[in-house]
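As structure tokens, the structure follows; a few thoughts come after it.
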Amino acid sequence: MKELHTFGWYAARIKPHLPKEAFKPVPARLWGGLAYLLVTVAGFLAIGLFDLHVVLNVLIACVLGASFAAMGFLGHEILHGTVVRKGWLRDLLGAIAFFPLSTGPSLWRKWHNLTHHVHTQDDENDPDSWPTLEKMLKQPFFRWVYRIPLPVRAFFSFCSLAIQFSAHSAKMFGVYIKEFNVKKRPKVWLELILPWATWISILFILGPIKWFFAFLLPLLIANFIVMSYISTNHRLNPLVPVNDPLANSLTVTVPKWVDVLHFNFSYHTEHHLFPGMSSKFYPLVKEHIKKMWPDRYHEMPMIKAMIALWKTPRLYFQGNELVDPRKGALYGSLGNGLDPARIMARSSMLKQETEVSDEFVNKESNDKTI
Ligand SMILES: [Zn+2]
Ligand SMILES: [Zn+2]
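All residue numbers for the sequence shown refer to UniProt numbering, where the first residue is 1 and numbers rise by one.
Here is the structure:
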């Protein structure tokens with residue numbers, strides 16, 4: 001593995017090449033948020049007030065889902081302080097933007113800004129990183145899951161993208177609520193309860209069928225869109241002992257109009273170098289990264305990254321390897337032998353493969369004897 005550097009190391013080398021305005025907040029991003037908010041309100045009114053044909057309801061649900069997701073991307077940006085600087089306004093706008101996904105600003109900043117960004121792809125401390133083989137072996141349910149053939153697992157894990165953000169957000173609430181000081185906890189609870197109370201009230205106002213089209217289906221669609229990015233951000237990269245964004249992050253590419261709709265959320269490596277910078281400037285940061293460290297930088301089209309995710313197992317072995325414990329097959333990771341254009345288990349690791357399989361199989365039979 002190449003020598004690793006912290007995000008500060010890279011940022012310090014790129015910063016002198018960037019204009020001063022790149023480090024200022026960009027409140028104009030809020031116009032995009034306002035547009036999505038208006039579309040969302042119009043969608044709710046259309047479904048609520050009229051008895052539309054089911055096809056039209058599904059189409060509106062798709063637009064609402066896309067708007068929920070895009071507002072989530074803007075919320076992410078706002079809560080990094082890149083849109084407005086004042087703390088209370090940042091949290092208020094962030095709460096509005098994350099309202100459809102029902103994630104509160106205090107929880108998000110603790111989970112994402114203060115933990116995921118600080119400990120990215122750290123085996124122990126990143127709440128978003130995938131588990132190692134050793135951790136999985138300790139959990140009976142997951143040992144069972146990883147005995148299912150890889151293509152079947154891939155199918156179900158892709159279906160689960162439609163609920164993964166909401167499910168993980170609920171899990172993070174359970175993990176982090178204890179870490180807030182007692183005085184702040186009621187506010188964090190309120191930030192969770194208020195959106196859900198609103199959505200449940202709307203269920204009683206609209207009735208279950210209209211609520212399904214106005215909220216539930218859009219929420220599933222938004223989860224899928226948001227998770228399509230989040231699942232490609234780091235899951236093909238290795239776990240690392242140093243938080244090196246060029247080693248542990250992936251930038252995906254999407255058509256320009258998608259970047260406009262999604263506030264440049266595709267530039268994830270750039271975001272980890274400069275989380276406090278408006279994503280408006282990430283194309284410029286990308287140019288500099290590619291000039292300075294072309295051999296370290298990982299980028300690929302979104303669709304290629306999704307296919308690579310489908311074909312590789314989601315379990316780490318010795319940090320650099322993705323392992324399918326069912327067969328003991330090792331796949332490497334980005335920068336460590338994984339070729340997204342030609343994904344296959346690496347036959348040269350036969351010796352290690354046997355040990356991994358043995359560990360898995362032995363643990364299984366031990367459990368049965370107990
Ligand atoms: Zn990240
Ligand atoms: Zn971030």
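Glycine included, C-beta positions come from ideal geometry on N, C-alpha and C.
Could you give the distance in angstroms between the alpha-carbon of residue i and the alpha-carbon of residue j?
| i | j | result |
| --- | --- | --- |
| Leu206 | Met302 | 37 Å |
| Asp91 | Val226 | 20 Å |
| Leu239 | Asn320 | 6 Å |
| Lys184 | Glu191 | 11 Å |
| Trp144 | Arg153 | 11 Å |
| Thr40 | Gly33 | 10 Å |
| Ile14 | Phe156 | 41 Å |
| Met172 | Gly337 | 32 Å |
| Asn181 | Lys187 | 11 Å |
| Pro340 | Lys210 | 42 Å |
| Pro127 | Ala308 | 22 Å |
| Met292 | Trp257 | 27 Å |
| Ile78 | Val84 | 7 Å |
| Phe50 | Ala42 | 12 Å |
| Glu124 | Gly48 | 46 Å |
| Val54 | Ser249 | 41 Å |
| Ala162 | Leu150 | 19 Å |
| Val285 | Gln139 | 41 Å |
| Pro208 | Pro100 | 17 Å |
| Pro275 | His76 | 10 Å |
| Leu334 | Leu74 | 28 Å |
| Thr115 | Leu64 | 30 Å |
| Met277 | Ala22 | 7 Å |
| Arg296 | Asn237 | 12 Å |
| Leu30 | His168 | 27 Å |
| Phe141 | Gly332 | 25 Å |
| Ala28 | His268 | 21 Å |
| Pro241 | Ala247 | 11 Å |
| Phe212 | Gln164 | 18 Å |
| Gly104 | Thr198 | 14 Å |
| Val260 | Glu299 | 18 Å |
| Asp122 | Phe204 | 44 Å |
| Arg109 | Lys2 | 31 Å |
| Gly328 | Pro255 | 37 Å |
| Arg342 | Glu270 | 26 Å |
| Leu107 | Leu194 | 14 Å |
Could you spell out where the alpha helix (DSSP H) holding residue i opens and where it closes?
| i | result |
| --- | --- |
| Pro245 | Pro245 to Asn248 |
| Gln164 | Leu161 to Tyr176 |
| Lys36 | Correcting the residue identity first, residue 36 is Tyr in this sequence and not Lys. Looking at the DSSP string, the run of the alpha helix (DSSP H) that includes Tyr36 is Arg29 to Leu49. |
| Gly8 | Phe7 to Ile14 |
| Trp199 | Arg185 to Leu206 |
| Ser106 | Pro105 to Trp108 |
| Gly328 | No alpha helix (DSSP H) contains Gly328, which DSSP labels as neither H nor E. |
| Glu134 | Leu133 to Leu137 |
| Asn125 | Per DSSP, Asn125 belongs to no alpha helix (DSSP H) and is neither H nor E. |
| Arg143 | Pro140 to Val145 |
| His234 | Leu217 to His234 |
| Thr312 | Taken as a continuous stretch (DSSP letters only), Thr312 belongs to no alpha helix (DSSP H), as it is neither H nor E. |
| His272 | His268 to Leu273 |
| Ser67 | Val54 to Leu79 |
| Leu284 | Tyr282 to Met292 |
| Ala345 | Careful: Ala345 lies outside any alpha helix (DSSP H) and carries neither H nor E. |
| Ile96 | Gly87 to Ala97 |
Can you check DSSP and say which residues form a bridge with residue i?
| i | result |
| --- | --- |
| Met300 | Val252 |
| Asn336 | Ser333 |
| Phe317 | Glu321 |
Looking only at its chain, what residues have a beta carbon closer than 6 Å to the beta carbon of residue i, apart from the 5 residues adjacent to it on each side?
| i | result |
| --- | --- |
| Leu217 | Ala61 |
| Met349 | At Met349, the pLDDT of 45 sits below 50, so the modelled position is not reliable and the matter cannot be decided from this model. |
| Tyr36 | Ser67, Ala70 and Met71 |
| Val252 | Thr232, Ser266, Met302 and Ala305 |
| Asn264 | Ser279 and Tyr282 |
| Phe44 | Ala214 |
| His5 | Asp244 |
| Thr196 | One detail in the question is off: residue 196 reads as Trp in this sequence, not Thr. Correct list, in chain order: Ser102. |
In terms of residues, what are the limits of the beta strand (DSSP E) holding residue i?
| i | result |
| --- | --- |
| Glu321 | Glu321 to Asp324 |
Apart from the five residues on each side of it in sequence, which residues of its chain come closer than 8 Å, Cβ to Cβ, to residue i?
| i | result |
| --- | --- |
| Leu315 | Trp130, Pro131, Thr132, Leu133, Met136, Tyr146, Leu322, Val323, Asp324 and Pro325 |
| Ala46 | Leu52 and Ile60 |
| Trp189 | Ile177 |
| Leu273 | Phe7, Tyr10, Ala11, Ile14, Pro245, Val285 and Ile289 |
| Pro25 | Gly81, Thr82, Val83, Val84, Arg85 and Ser278 |
| Ser166 | Leu101, Ser102, Leu219 and Asn223 |
Excluding the five sequence neighbours on either side, which residues of its own chain have a C-beta within less than 7 Å of the C-beta of residue i, listed in chain order?
| i | result |
| --- | --- |
| Trp111 | Pro127, Met172 and Tyr176 |
| His17 | His288 |
| His119 | Asn125, Asp126 and Asn243 |
With 7 Å as the threshold, decide whether the Cβ of residue i is near any Cβ in chain C.
| i | result |
| --- | --- |
| His17 | Included in the structure is just one protein chain, with no chain C present. |
Point to revise | Chain-ordered residues, beta carbon under 6 Å from a heavy atom of ligand 2 | key: His76, His80, His112, His117, His271 and Pro275
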